[in-house]
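This report concerns only the one structure given below.
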């Protein structure tokens, strides 16, 4: 597992990890042209992990109550607690 020592800060205050820049820890960003829709540099204590999640070909329709309820039930969103899992971040987006 990587630690915060593997991260560098740019002069503008952004975080650089493995050639990608992030606004900060635990702040999801869109990844256009990638295999997944979003990525986040998750942090728990001094450990960090790059988590990619989401289908780039699907639209999030969280403004429709039936869709939102169905997604959250299907993925058991109320039990998603681990920041290092894609399920946690996907549920947070919904």
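Residue numbers (our numbering): 139 to 232. Glycine residues also receive a C-beta, built at the ideal position from the N, C-alpha and C atoms. Note that this is a predicted model, so its numbers are computed, not measured.
Where DSSP assigns a beta bridge to residue i, which residues make up the other side?
{"i": "residue 176", "result": "168, 191"}
{"i": "residue 246", "result": "No statement about residue 246 is possible, as the shown extent of the chain runs from 139 to 232 and does not include it."}
Can you give me the start and stop residues for the alpha helix (DSSP H) that residue i sits inside?
{"i": "residue 209", "result": "203-212"}
{"i": "residue 229", "result": "224-231"}
Does DSSP classify residue i as helix, strand or coil?
{"i": "residue 140", "result": "strand"}
{"i": "residue 182", "result": "strand"}
{"i": "residue 154", "result": "strand"}
{"i": "residue 148", "result": "coil"}
{"i": "residue 220", "result": "coil"}
Rank the options by C-alpha distance to the C-alpha of residue i and give the top, closest one.
{"i": "residue 148", "options": "162, 141, 192", "result": "162"}
{"i": "residue 205", "options": "232, 183, 140, 158", "result": "232"}
{"i": "residue 197", "options": "228, 222, 187, 141", "result": "228"}
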